[in-house]
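Notes follow the structure.
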Amino acid sequence: MDGDADAFGLLFTRHKDRLWAVAVRTLGDAEEAADALQDAMISAFRQASGFRGDSAVTTWLHRIVVNACLDRLRRRAARPAVTGLDERVMDVLAPVPGADASASTETSLDVMAALRTLPPDQRAVLVLVDMLGYPVADAAAVLGISTGTVKSRCARGRARLLPKVAHLYGRGTRAQPPDPPRVPSAAQGTQELGNQAATGRVSPAEGGGDPGL
Amino acid sequence: MRGHVDSETLAAFREELLPRRKARQVTAHLAHCEQCAGLDAQLADLPGLLARTSAPPMPDALTTRIQAALTAEAAARSALTPAGAAAEAAGTAAGAAGTAAGAAGAVDAGAAPTRPGDAADGHRARRAWPGPGPGRSRLALRIAAAAAAIVVIGGGGYGVSRLVTGGTTGQASTASGAAAAAPEARRPAASPEMRPAEPGTGSSGNRSRANFAGPSEPAMLSSGTNYQTGQLKTQVEAALAPAGGTEPGPKPSPPVNGATALTSCLKRVAGNQRPLLVDTAHYNGRPATIIVLTTASAKTLRVVVVGPRCSATQTDLITTTIIPAPR
């Protein structure tokens, strides 16, 4: 038993950062992500009696964490929305160390707020595939669905998310999304933080339509 | 192809999910429709935008907490009789968590009813969650603007008076929970209500926190305090402390200028919530407003530090963190 506990402890240590990254983005709430991750690890440990460090373990751990998060999201969906400061979103504001390409804090805030409006299933695939860069096949294995389903959920999620984040495209830091192919990229490099007029794809949402605040 | 392509079709097109014939139509349409091509380009950019969205790293304290919970689980598993041994393990687990990550664990376990088969798991130890460590504050420095404002926002409806008097009547979890996030200080009073209701789990009691029971206005200060990373918790506690306490609190005074902008800023940051404290001061030497809000958990407060550009339309956020609620 002790051996199992040690082995599982190692497993946790090895994967904790990735699992955390999944949980905190899926839930958009550091405190809830912490609880979800802990629940998931306890649950995994209980199921792990036969575990022997094979490669499927990574997928299996991810699945347990994602499911713990989805359970929480569905439970949360049944509750009335909290008004006022969207503190749950604020929890994810701290920038990632060394991530120079990361979006500005305010942009991250708005993206997370928009993501929160998606159904849990769409949210989970966008977190895994778009936010964290897992291959579609890996996301499919984690979620226990086909790659086709992952793709269609991604597509529907992106379509739904787009109008809520389109106004953010001109904002942010160094890393700008590429301009559309037909638009000359003269504006590249001159954009300032918070200046959303640069790309010409502007929505008047600033100050009125920001989701979540 | 008649009409424009909607974004869901385009998104499916990009994932090669459309039937070949339909895909050809979309391709042809995109070639000559600038509007749809623009939408298509936005969709192409979306994964990049999502990839650049930042999130905090895993707190060290959470690692400790989960490891303690796993240790407890292992102890429970190795026991022969589920019920009795589980109870014993619960104490061990919570104690370990309390030692390692916070003071509340042991009390938590002591107050928690032992359920056979479920006693030793992380549900006990998790309440030792000590909140964000200094790491987050340090990270937040990276985005510090030229100037800043610090706001402490109270999450629910506990008034300043309740916090500063440490009153526990009817809200035992507030006071006892205060220590949960303080690793080194403040042993909470044992309370059967250590675990606050999950936000919104339905009870009207929790909802009613929105009804501010304290003074009608938040404490508006211009204390001149230079709030600092790593000392925010202590400094906010001092600012919230009753006058005449051991720590001399800053003298309340109305904010000198920019009151209108501040009001709009507060509205943006706090929504309908009434902040426990608004201090127009400094953060790491730069002008900042410190806003203290309550959180969904009675055990914690949220501190939001914003810069002078905070207004109705932008937050000018410098940092935000969770601190344990003072007793």
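Line order of the protein sequences matches chains A and B. 49 is the number of the first residue of the first sequence in my numbering; add one for each residue after it. 2 is the number of the first residue of the second sequence in my numbering; add one for each residue after it. The beta-carbon is built from N, C-alpha and C at its ideal position, and this holds for glycine as well.
Could you tell me whether the Cβ of residue 65 (chain A) comes closer than 8 Å to any Cβ of chain B?
Translated into positions along the first sequence, residue 65 (chain A) becomes position 17. By this cut-off, residue 65 (chain A) is an interface position.
According to DSSP, which residues form a beta bridge with residue 289 (chain B)?
The sequence position of residue 289 (chain B) within the second sequence is 288, counting from 1. Residue 289 (chain B) pairs with B:282.
Assuming residue 301 (chain B) is part of the alpha helix (DSSP H), what are its boundary residues?
Along the second sequence, read from residue 1 onward, the residue named residue 301 (chain B) stands at position 300. Annotation for residue 301 (chain B): no alpha helix (DSSP H) segment contains it, though the beta strand (DSSP E) segment containing it runs 301-307.
In its own chain, which residues sit with a C-beta less than 7 Å from the C-beta of residue 224 (chain B), not counting the 5 before and 5 after it?
Residue mapping note: residue 224 (chain B) aligns to position 223 of the second sequence, counting from 1. Same-chain partners within the cutoff: 240, 251, 280, 282.
For residue 86 (chain A) and chain B, any beta-carbon pair shorter than 8 Å?
Indexing the first sequence from 1 puts residue 86 (chain A) at position 38. Closer than 8 Å to some Cβ of chain B, the Cβ of residue 86 (chain A) qualifies, so yes.
Please report the distance separating the alpha-carbon of residue 213 (chain A) from that of residue 160 (chain A).
Taking the first sequence and counting its residues from 1, one reaches residue 213 (chain A) at position 165. Taking the first sequence and counting its residues from 1, one reaches residue 160 (chain A) at position 112. So the two alpha carbons sit approximately 10 Å from each other.
Within 8 Å of chain A by C-beta, residues of the segment 70-81 of chain B in sequence order
70, 71, 72, 74, 75, 78, 79
State the DSSP-derived secondary structure class of residue 325 (chain B), mapped to helix, strand or coil.
Within the second sequence, the letter at position 324 stands for residue 325 (chain B). Residue 325 (chain B): strand per DSSP, three-state reduction.
Residue closest to residue 36 (chain B), alpha-carbon to alpha-carbon, out of B:8, B:21, B:53, B:50:
Within the second sequence, numbered from 1, the residue matching residue 36 (chain B) stands at position 35. The residue with the shortest Cα to Cα distance from residue 36 (chain B) is B:8.
If you drop the 5 nearest sequence neighbours on each side, which residues of the same chain put their C-beta closer than 7 Å to that of residue 60 (chain A)?
The count along the first sequence starts at 1 and reaches residue 60 (chain A) at position 12. Cβ neighbours of residue 60 (chain A) beyond the five flanking positions: 89.
Taking residue 313 (chain B) as the reference, which of B:235, B:289, B:262, B:277 has the closest Cα?
Taking the first residue of the second sequence as position 1, residue 313 (chain B) is located at position 312. The shortest Cα separation from residue 313 (chain B) among B:235, B:289, B:262, B:277 belongs to B:262.
I need the straight-line Cα distance from residue 55 (chain B) to residue 76 (chain A), nearest angstrom please.
As a working note, residue 55 (chain B) is residue 54 in the second sequence. As a working note, residue 76 (chain A) is residue 28 in the first sequence. For residue 55 (chain B) and residue 76 (chain A), the distance between alpha carbons rounds to 11 Å.
Neighbouring residues, chain A, relative to residue 67 (chain B) (Cβ below 9 Å):
Here residue 67 (chain B) is taken as the residue at index 66 of the second sequence, counted from 1. Here the neighbours are 60, 64, 82, 85, 86, 89, 90.
State the start and end residues of the unbroken beta strand (DSSP E) segment that holds residue 180 (chain A).
If you number the first sequence from 1, residue 180 (chain A) lands on position 132. From DSSP, residue 180 (chain A) is part of no beta strand (DSSP E); its letter is neither H nor E.
Residue nearest to residue 114 (chain A) in terms of C-alpha spacing, selected from A:87, A:94, A:93:
Sequence index remark: in the first sequence, residue 114 (chain A) carries index 66 (1-based). The candidate whose alpha carbon is nearest that of residue 114 (chain A) is A:87.
Who pairs with residue 221 (chain B) in a beta bridge, going by DSSP?
By one-based count along the second sequence, residue 221 (chain B) stands at place 220. Paired residues: B:279.
Under a CB-based cut-off of 8 Å, is residue 8 (chain B) close to chain A?
Taking the first residue of the second sequence as 1, we reach residue 8 (chain B) at position 7. Residue 8 (chain B) counts as touching chain A.
I'd like to know if residue 265 (chain B) contacts chain A, where contact means its C-beta is closer than 8 Å to some C-beta of that chain.
The count along the second sequence starts at 1 and reaches residue 265 (chain B) at position 264. It does not: the Cβ of residue 265 (chain B) has no partner Cβ on chain A nearer than 8 Å.
Alpha helix (DSSP H) containing residue 95 (chain A): first to last residue?
Counting from 1 along the first sequence, the entry for residue 95 (chain A) is found at position 47. Residues 78-95.
Helix, strand or coil for residue 319 (chain B)? Go by DSSP, reduced to three states.
The residue labelled residue 319 (chain B) in the question sits at position 318 within the second sequence. Residue 319 (chain B) falls in the strand class under three-state DSSP.
Chain-ordered chain A contacts of residue 59 (chain B) [CB-CB under 7 Å]:
In the second sequence, the residue the question calls residue 59 (chain B) occupies position 58. Simply 64, 65, 68.
Reference residue 311 (chain B), options B:260, B:300, B:22, closest by Cα
Walking along the second sequence from the start, residue 311 (chain B) turns up at place 310. Its Cα nearest to that of residue 311 (chain B), the residue B:260 stands out among B:260, B:300, B:22.
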